[in-house]
Amino acid sequence: MRALTWHGKHDVRMETVPDPEILNPRDAIIKITSTAICGSDLHLYDAYIPTLQKGDILGHEFMGEVVDVGPKSTLKKGQRVVVPFTISCGSCFHCSKQQFSACDNGNPADNQDLGQQLYGEPMSALFGYTHLTGGYPGGQAELVRVPFSDVGPIVIPDGMPDDDVLFLSDILPTGWMAAENAQIEHGDTVAVWGCGPVGLFAVQSAFKMGAHRVIAIDHFPHRLELAAKFGAETINFEETDTYHALMEMTGSIGPDAVIDSVGLEAHGLFGDNIVDQIKASTFLGTDRPHALRQAILACRKGGRVSVPGVYGGFLDKFPFGAFMEKGLTMKTGQTHVQKYLPKLLEMIGNKELDTTFLISHRLPLEQAPEGYKMFKSEQNTCTKVVLKPGMEA
Amino acid sequence: MSEVRGAPSYVSKDKDLQKSEAQNGESTVWGHTVSIMRPREELYAYWRDFANLATFMQNIVSIEVLDQTRSHWTVRGPNGEYQWTALVTEDRPGEVIAWKAEDGDVKNSGRIEFRDGPPGHGTYVRAILAYQPPMGAIGKLIATLTQKEPQIQSNRDLRRFKQLMETGEIATTTQPNREPYS
Ligand SMILES: NC(=O)c1ccc[n+]([C@@H]2O[C@H](COP(=O)([O-])OP(=O)(O)OC[C@H]3O[C@@H](n4cnc5c(N)ncnc54)[C@H](O)[C@@H]3O)[C@@H](O)[C@H]2O)c1
Ligand SMILES: [Zn+2]
Ligand SMILES: [Zn+2]
Chain A
69 MRALTWHGKH DVRMETVPDP EILNPRDAII KITSTAICGS DLHLYDAYIP TLQKGDILGH
129 EFMGEVVDVG PKSTLKKGQR VVVPFTISCG SCFHCSKQQF SACDNGNPAD NQDLGQQLYG
189 EPMSALFGYT HLTGGYPGGQ AELVRVPFSD VGPIVIPDGM PDDDVLFLSD ILPTGWMAAE
249 NAQIEHGDTV AVWGCGPVGL FAVQSAFKMG AHRVIAIDHF PHRLELAAKF GAETINFEET
309 DTYHALMEMT GSIGPDAVID SVGLEAHGLF GDNIVDQIKA STFLGTDRPH ALRQAILACR
369 KGGRVSVPGV YGGFLDKFPF GAFMEKGLTM KTGQTHVQKY LPKLLEMIGN KELDTTFLIS
429 HRLPLEQAPE GYKMFKSEQN TCTKVVLKPG MEA
Chain B
401 MSEVRGAPSY VSKDKDLQKS EAQNGESTVW GHTVSIMRPR EELYAYWRDF ANLATFMQNI
461 VSIEVLDQTR SHWTVRGPNG EYQWTALVTE DRPGEVIAWK AEDGDVKNSG RIEFRDGPPG
521 HGTYVRAILA YQPPMGAIGK LIATLTQKEP QIQSNRDLRR FKQLMETGEI ATTTQPNREP
581 YS
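Protein chains in written order, with the working numbering: chain A, 69 to 461; chain B, 401 to 582.
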């Protein structure tokens with residue numbers, strides 16, 4: 069089959085690789101009909117997250133048709149499914165608490181030692197990510213093997229187009245959980261850093277959960293426009309002092325909740341960010357948490373910090389004093405995708421959520437490397453790239 | 401034996417206390433506990449049939465059950481295969497199984513305990529392994545380098561046991577992407 073493989077920093081290629089096979093009784097094989105490039109893929113593209121190996125197949129946002137099933141799969145050949153990017157067994161302690169992204173059992177045992185050393189606990193398994201998360205081949209390919217196919221994939225009713233439901237695989241539930249983690253109360257003002265796909269879904273979700281105002285922060289005018297379409301007020305951090313603006317917009321109380329949907333590669337010519345970039349490029353530090361620092365400083369006393377943005381290692385100058393003295397609460401994590409699927413699918417069906425507005429490019433899978441380049445370098449207008457195997461160029 | 405409480409002796413900073421679990425006076429003792437969301441009777445029963453151990457213990461070449469208390473083990477080690485006959489020294493259904501090598505290439509013994517965790521937290525399964533590294537410290541170094549160190553292996557084996565008991569399968573990945581052929 070054809071697949072998008074990683075070979076190093078800014079080097080991804082289309083290659084012909086062996087087809088995946090059923091390896092375990094609960095497996096299924098899915099023939100991909102649509103798959104997307106995510107901000108998390110950019111962290112891999114930029115080689116910020118360790119333990120990728122040359123030849124790894126990327127992609128964790130995908131859907132398609134069931135073409136083969138193991139004896140314990142509950143799926144049937146021919147069904148259309150969206151697959152969560154989190155690989156979860158459904159029966160361990162964490163899955164029993166619906167903390168699916170903390171599942172104990174997806175990551176092969178031999179793979180868990182390094183994660184245990186780095187994080188104190190082995191990481192859970194994800195598709196198309198790193199070897200810390202299992203080294204599972206991803207879905208930017210013609211075919212993919214899906215473990216625990218009786219727990220993860222959600223069957224899509226006939227008549228719902230791919231584009232409407234594809235983002236159930238990650239960014240829609242991620243934006244939703246980001247808003248849920250912000251524990252929004254009636255009348256709240258919520259500030260969202262980053263108007264990428266995750267931030268834009270967080271904006272929509274925050275309003276659905278009763279936010280009175282949402283303030284969206286980015287430097288790409290087109291992305292800010294999209295946030296404004298859903299009713300957000302916007303701050304362009306290149307034109308405006310974000311902290312000062314937030315204070316003025318909230319009577320100096322600060323937003324009740326803040327959401328960091330930027331993650332470890334914050335942009336911007338801020339003093340702390342430049343120092344972080346130098347440290348990261350010389351391996352003295354790792355992540356660039358500019359947005360997170362600013363969010364903590366701006367958040368009101370007793371407020372809530374929600375972090376869907378991905379971090380991988382250590383943060384310098386984390387304002388923990390402010391965090392403690394202001395009595396903040398933080399919630400974060402990879403998304404417990406499986407937990408949100410039935411409700412979000414229903415909301416899409418009822419047209420309560422707009423899921424297609426952010427798709428800026430539809431490309432044949434063969435053009436995936438160009439897709440990565442665009443999503444990386446033309447972020448203003450390239451808001452989301454969907455890849456379709458077999459599509460005419 | 402009901403709930404498991406307190407820190408086990410093998411994590412003690414006191415070397416003598418650490419070794420108190422060595423049934424044969426072995427030099428190295430290693431223990432590891434995992435929680436498994438299955439009843440302890442079921443976990444005990446699977447483990448008590450020693451022939452099952454090869455399904456999740458990677459370095460076992462074979463375990464031949466000789467009678468109710470004896471089994472013959474063939475295990476891959478850093479410098480080839482090792483063999484011994486193990487004798488069950490303690491057996492309390494649903495609670496504990498202990499064994500020790502009667503004779504053979506490597507002095508070793510083991511013990512597996514099944515206890516109820518706090519409500520909703522499954523069964524705490526604790527494996528304690530005592531062994532005399534073949535060729536002493538140098539053997540241990542080689543074993544670590546080749547990742548056949550019993551400590552590393554037993555942790556991984558316990559994870560596989562947990563996966564098998566909780567999910568009915570052992571997580572694995574082939575890498576169709578490993579050897580691109582174009
Ligand atoms: N928690 C999860 O399960 C999960 C799932 C998916 C994605 N993510 C993470 O969410 C983050 C966002 O993903 P995405 O797909 O939207 O990525 P993206 O790269 O498309 O969007 C990030 C946005 O943040 C903006 N930004 C950069 N620096 C900023 C700053 N200093 N202040 C304000 N905005 C800034 C960028 O301009 C960009 O629009 C990534 O870190 C991604 O890895 C997490
Ligand atoms: Zn994603
Ligand atoms: Zn699980």
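Quick reminder that beta carbons are idealized off the backbone N, C-alpha and C, glycines included. Because the structure is a prediction, the values reported are computed rather than measured.
For residue 170(A), the closest C-alpha among the options 190(A), 178(A) and 176(A) is that of 190(A). Of all residues in the stretch 177 to 197 of chain A, those with a C-beta nearer than 9 Å to a C-beta of chain B are 177, 178, 179, 180, 181, 184, 190 and 193, reading in chain order.
In the same chain as residue 290(A), and ignoring 5 residues on each side of it, the C-beta atoms closer than 8 Å to its own belong to 448, 449 and 451, in chain order. Chain A places a beta carbon closer than 9 Å to that of residue 572(B), counting this residue as a contact. By the criterion of a C-beta distance shorter than 7 Å, residue 82(A) is surrounded in its chain by 70, 72, 434, 436 and 437, once the five residues flanking it on both sides are discounted. Look at the stretch 156 to 184 of chain A and you find these whole runs of alpha helix (DSSP H), each 4 residues long or longer: 161 to 164. Residue 401(A) is not a Cβ neighbour of residue 331(A), given a cutoff of 9 Å. As the crow flies, the alpha-carbon of residue 381(A) is around 15 Å from that of residue 114(A). For residue 566(B), the CB falls within less than 8 Å of some heavy atom of ligand 3. Contacts with chain A at 9 Å (Cβ-Cβ) include residue 552(B).
Distance from the CA of residue 365(A) to the CA of residue 150(A), rounded to the nearest whole angstrom, comes to 38 Å.
The straight-line gap separating the alpha-carbon atoms of residue 456(B) and residue 413(B) is approximately 31 Å.
For secondary structure counted as the alpha helix (DSSP H) over 4 or more consecutive residues, the stretch 511 to 560 of chain B holds these complete runs in sequence order: 536 to 545. Of the residues 161(A), 154(A), 119(A) and 206(A), the one whose Cα lies closest to the Cα of residue 98(A) is 206(A).
Shortest gap from the CB of residue 168(A) to any heavy atom of ligand 3: under 8 Å.
Considering only 198(A), 202(A), 168(A) and 233(A), the residue with the shortest C-alpha distance to residue 130(A) is 233(A).
If you check the CB distance, residue 295(A) and residue 326(A) do not come in under 9 Å. Counting C-beta pairs with one atom in each stretch, the stretch 132 to 150 of chain A and the stretch 215 to 224 of chain A have three or more that are closer than 8 Å, which means they touch. Within chain A, 161 have C-beta atoms less than 9 Å from the C-beta of residue 521(B), given in sequence order. 357(A) is the residue among 324(A), 357(A) and 328(A) whose C-alpha sits nearest the C-alpha of residue 340(A). Boundaries for residue 427(A): no alpha helix (DSSP H) harbours it, and the DSSP string shows neither H nor E there.
In this chain, the beta strand (DSSP E) harbouring residue 464(B) covers 460 to 465. Residues of the stretch 433 to 457 of chain A whose Cβ lies closer than 7 Å to any Cβ of chain B: none. The stretch 249 to 279 of chain A contains, as complete beta strand (DSSP E) runs of 3+ residues, the segments 257 to 261 (chain order). Look at residue 369(A) here: in three-state DSSP terms it is coil, with no helix or strand label.
Check the Cα spacing between residue 92(A) and each of 417(A), 404(A), 126(A) and 139(A): the tightest is with 139(A). CA-CA distance, residue 95(A) to residue 469(B), rounds to 38 Å.
Residue 94(A) carries a coil assignment under DSSP once its states are collapsed to helix, strand and coil. Just so you know, the alpha carbons of residue 80(A) and residue 423(B) end up roughly 55 Å apart. By the Cβ test, the stretch 277 to 290 of chain A is not in contact with the stretch 409 to 418 of chain A, since fewer than three Cβ pairs between them sit closer than 8 Å.
DSSP places residue 480(B) inside the beta strand (DSSP E), whose first and last residues are 480 to 492. Residues 239, 426 and 452 of the same chain have their beta carbon placed closer than 6 Å to that of residue 265(A), with the five preceding and five following residues left out of the count. Residue-level contact by beta carbon holds for residue 557(B) and chain A, with a gap shorter than 9 Å.
Contact check for residue 442(B) against residue 535(B) fails: the beta carbons are separated by 9 Å or more.
Comparing alpha-carbon positions, the option among 436(B), 533(B) and 518(B) lying closest to residue 163(A) turns out to be 436(B).
Looking only at 210(A), 176(A) and 208(A), the smallest Cα-Cα distance to residue 202(A) is reached by 176(A).
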